[in-house]
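Chemist:
Protein chains in written order, with the working numbering: chain F, 10 to 98; chain D, 44 to 400.
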């Protein structure tokens with residue numbers, strides 16, 4: 010199973026524990042999480058469903074390339090980390 | 044006279060209450076979070092606080108009147124367009140109650156979207172009639188990367204009559220509750236533009252627009268390069284020149300019953316923006332801009348480098364109580380229309396917005 014986890018700095022705003030899931034892309038993984046946690050969506054994606062500009066997502070330690078559609082593929086055992094960038098403070 | 048003063052800062056919301064012991068601030072709310080706007084709906088006491096979480100976007104919270112329990116509600120959000128470069132709300136920059144019943148709200152935003160809610164902020168609708176105006180192509184960022192709606196004046200006797208101001212994008216009017224819009228603002232002048240474009244109403248950098256509650260056709264503008272007054276609801280403007288120490292500033296407040304009485308916080312223009320000669324003054328006119336008094340009692344006369352943002356000067360509904368705060372975290376209050384100022388704090392975070400309940 011793949012896992013997705015979120016920066017600790019989100020916890021003061023919205024509950025977002027790590028989750029195991031199966032999804033072909035980063036966006037598919039996020040959609041699964043948002044289906045259970047709709048309030049989290051607006052913290053990760055902007056009005057056009059793009060990754061917010063001061064967030065970064067790593068898949069197996071590599072930065073995602075597609076910040077607009079988040080179509081970066083996931084492996085069955087990928088680790089997805091949603092982090093805040095040091096910019097935007 | 045109001046007894047509650049809300050201060051929205053870079054690091055939280057601070058609420059001052061007047062008691063026999065004076066003005067005192069309780070524990071901050073949203074500590075650590077940038078507060079871009081605050082509002083209270085006087086019809087039901089609902090309190091609103093808008094946050095600009097740099098990483099996580101714009102958020103809006105509401106508390107019932109008298110409560111300190113905040114609940115996150117929907118923030119204004121653009122519809123998805125499918126375009127890679129479609130708009131997203133960057134900041135909630137004005138929030139006012141409107142309409143003819145409690146819970147109706149208007150929100151101004153950066154990048155220039157106007158939003159309406161009729162259900163206490165549970166849901167928002169983009170006012171497409173304004174967003175789709177072709178003149179919006181001329182709007183530009185005024186101090187930010189994108190343009191923004193910072194002033195919304197709802198006529199107190201006619202909730203369908205609205206005037207808004209955009210930085211930069213001039214003044215707009217709707218007489219039908221936002222269904223349609225007209226650009227107004229004859230007489231506004233943009234010194235920063237080539238002469239043949241300087242009077243284009245769509246390109247004016249209006250820093251702040253206010254109207255006198257008792258005489259709503261009487262309006263004031265603090266503009267990027269001057270002070271302007273209108274006697275006809277913003278259709279025509281008279282430029283007020285020769286104001287000492289400066290015509291430049293961001294904020295303006297108008298007396299609730301005396302339209303010729305208004306206050307400004309002058310600074311050195313354009314990129315400096317700090318007080319002239321390092322002396323912090325508040326300018327007051329009581330004759331529609333013919334003459335001004337420089338009010339200094341209780342304000343630092345040197346050197347002081349306080350900058351007061353467009354939403355950081357406020358007057359209460361009674362007309363005697365004023366407050367203003369700076370990006371240096373200093374907060375002053377006057378109980379006599381500015382004749383004397385008391386410093387409530389030198390240690391707040393940078394102040395974005397000041398409002399009396």
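All C-beta atoms, glycine included, are put in the ideal place defined by N, C-alpha and C.
Note that the structure is a prediction, hence the values are computed from the model and not measured.
Three Cβ pairs or more, each shorter than 8 Å: is that satisfied between the region 253-261 of chain D and the region 180-187 of chain D?
Modeler: Contact between the region 253-261 of chain D and the region 180-187 of chain D is absent, because fewer than three Cβ pairs lie under 8 Å.
Chemist: Nearest to residue 22 of chain F by CA position, among F/61, F/43 and F/52, is which residue?
Modeler: Checked all of F/61, F/43 and F/52; the closest Cα to residue 22 of chain F is F/52.
Chemist: Please report the distance separating the alpha-carbon of residue 25 of chain F from that of residue 14 of chain F.
Modeler: Those two C-alpha atoms are separated by around 8 Å.
Chemist: When you compare only the Cα positions, how much space is there between residue 294 of chain D and residue 396 of chain D?
Modeler: So the two alpha carbons sit approximately 10 Å from each other.
Chemist: Examine chain F for any beta-carbon lying closer than 8 Å to the beta-carbon of residue 406 of chain D, and answer yes or no.
Modeler: No statement about residue 406 of chain D is possible, as the shown extent of chain D runs from 44 to 400 and does not include it.
Chemist: Looking at chain D, which residues of the region 49-73 of chain F have a Cβ within less than 7 Å of any of its Cβ atoms?
Modeler: Here the close residues are 51, 52, 55, 56, 57, 58, 61, 63 and 64.
Chemist: For chain F, is any of its Cβ atoms less than 8 Å away from the one on residue 132 of chain D?
Modeler: Yes, residue 132 of chain D counts as interfacial toward chain F.
Chemist: Run the CB neighbour count on residue 379 of chain D, radius 10 Å, all protein chains shown included, and call it buried at 16 or more, exposed below.
Modeler: The residue is exposed, with fewer than 16 neighbouring Cβ atoms inside 10 Å.
Chemist: Identify the continuous alpha helix (DSSP H) that holds residue 52 of chain F and give its terminal residues.
Modeler: Unbroken alpha helix (DSSP H) run through residue 52 of chain F: 47-53.
Chemist: Applying the criterion that 16 or more other CB atoms from any shown protein chain within 10 Å of the CB defines a buried residue, is residue 359 of chain D buried or exposed?
Modeler: Buried is the call here.
Chemist: I need the DSSP call for residue 156 of chain D, collapsed to helix, strand or coil.
Modeler: In the structure shown, residue 156 of chain D sits in coil (DSSP, three-state: anything other than H, G, I, E or B).
Chemist: If you compare alpha carbons, which of D/162, D/137 and D/132 is closest to residue 144 of chain D?
Modeler: With distances taken between Cα atoms, residue 144 of chain D lies closest to D/162.
Chemist: When the Cα atoms are used, what is the spatial distance from residue 310 of chain D to residue 69 of chain D?
Modeler: Those two C-alpha atoms are separated by around 31 Å.
Chemist: What are the start and end residues of the alpha helix (DSSP H) that includes residue 173 of chain D?
Modeler: First-last of the alpha helix (DSSP H) with residue 173 of chain D: 171-174.
Chemist: Would you decide whether residue 93 of chain F is buried or exposed? Buried here means 16 or more other CB atoms lie within 10 Å of its CB.
Modeler: The residue is buried, with at least 16 neighbouring Cβ atoms inside 10 Å.
Chemist: Keeping to the same chain, check which residues put their C-beta closer than 7 Å to that of residue 46 of chain D; ignore five residues upstream and five downstream.
Modeler: Closer than 7 Å at the Cβ level, and outside the excluded window around residue 46 of chain D, lie 60 and 61.
Chemist: Identify the contact partners of residue 93 of chain F in chain D, using a Cβ-Cβ distance below 7 Å as the criterion.
Modeler: Correct list: 98.
Chemist: Using only the alpha-carbon positions, how far apart do residue 106 of chain D and residue 365 of chain D sit?
Modeler: Distance between the alpha carbons of residue 106 of chain D and residue 365 of chain D is about 25 Å.
Chemist: Taking only beta-carbon positions, decide if residue 41 of chain F is within less than 8 Å of chain D.
Modeler: Taking Cβ atoms only, chain D never reaches closer than 8 Å to residue 41 of chain F, which makes this a no.
Chemist: Alpha carbon to alpha carbon, what distance is there between residue 216 of chain D and residue 179 of chain D?
Modeler: Going by the C-alpha atoms only, they are around 14 Å apart.
Chemist: For chain F, check one thing: does any of its Cβ atoms lie closer than 8 Å to the Cβ of residue 121 of chain D?
Modeler: With 8 Å as the cut-off, residue 121 of chain D counts as an interface residue toward chain F.
Chemist: Can you check whether the C-beta of residue 124 of chain D is within less than 8 Å of a C-beta belonging to chain F?
Modeler: Closer than 8 Å: yes.
Chemist: Does the structure place the region 229-240 of chain D close enough to the region 165-173 of chain D that three or more beta carbon pairs sit under 8 Å?
Modeler: Segments in contact, no.
Chemist: Going by beta-carbon coordinates alone, are residue 214 of chain D and residue 191 of chain D separated by less than 8 Å?
Modeler: No, these two residues do not count as a Cβ contact at 8 Å.
Chemist: Taking only beta-carbon atoms, is residue 129 of chain D less than 8 Å away from chain F?
Modeler: So yes, residue 129 of chain D belongs to the interface.
Chemist: Counting C-beta neighbours from all protein chains within 10 Å, is the total for residue 20 of chain F 16 or more, i.e. buried, or is it exposed?
Modeler: That one is exposed.
Chemist: Since residue 89 of chain F meets chain D, which of its residues come closer than 7 Å, beta carbon to beta carbon?
Modeler: Going along chain D, no residue has its Cβ under 7 Å from residue 89 of chain F, so there is no contact; the nearest lies around 17 Å.
Chemist: Any chance you could list the beta strand (DSSP E) runs of at least 3 consecutive residues sitting entirely within the region 235-280 of chain D, in chain order?
Modeler: Counting only runs of 3 or more, we get 249-255, 258-266 and 269-273.
Chemist: Is any beta-carbon of chain D found at less than 8 Å from that of residue 79 of chain F?
Modeler: False, the Cβ-Cβ gap to chain D never drops below 8 Å.
Chemist: If the cut is a Cβ gap below 8 Å, which residues of chain D does residue 19 of chain F touch?
Modeler: Here the neighbours are 99.
Chemist: Quick one: what's residue 365 of chain D bridged to in DSSP?
Modeler: DSSP lists D/358 and D/377 as partners of residue 365 of chain D.
Chemist: What residue range does the beta strand (DSSP E) around residue 125 of chain D cover?
Modeler: Premise fails: residue 125 of chain D is in no beta strand (DSSP E) and is neither H nor E.
Chemist: Whether or not the region 80-91 of chain D and the region 118-132 of chain D are in contact is what I'm after, with contact meaning three or more pairs of Cβ atoms, one per stretch, closer than 8 Å; do they touch?
Modeler: No, because fewer than three Cβ pairs between the region 118-132 of chain D and the region 80-91 of chain D fall closer than 8 Å, the two stretches do not touch.
Chemist: Compute the distance between the beta-carbons of residue 167 of chain D and residue 123 of chain D, then report whether it is under 8 Å.
Modeler: Cβ distance not < 8 Å, so residue 167 of chain D and residue 123 of chain D don't count as in contact.
Chemist: Taking the Cβ atom as the reference point for each residue, do residue 96 of chain D and residue 76 of chain D lie within a distance shorter than 8 Å?
Modeler: Against a cut-off of 8 Å, the Cβ pair of residue 76 of chain D and residue 96 of chain D comes out as a contact.
Chemist: May I have the straight-line CA-CA distance separating residue 88 of chain F from residue 75 of chain F, to the nearest angstrom?
Modeler: Their Cα atoms are separated by approximately 17 Å.
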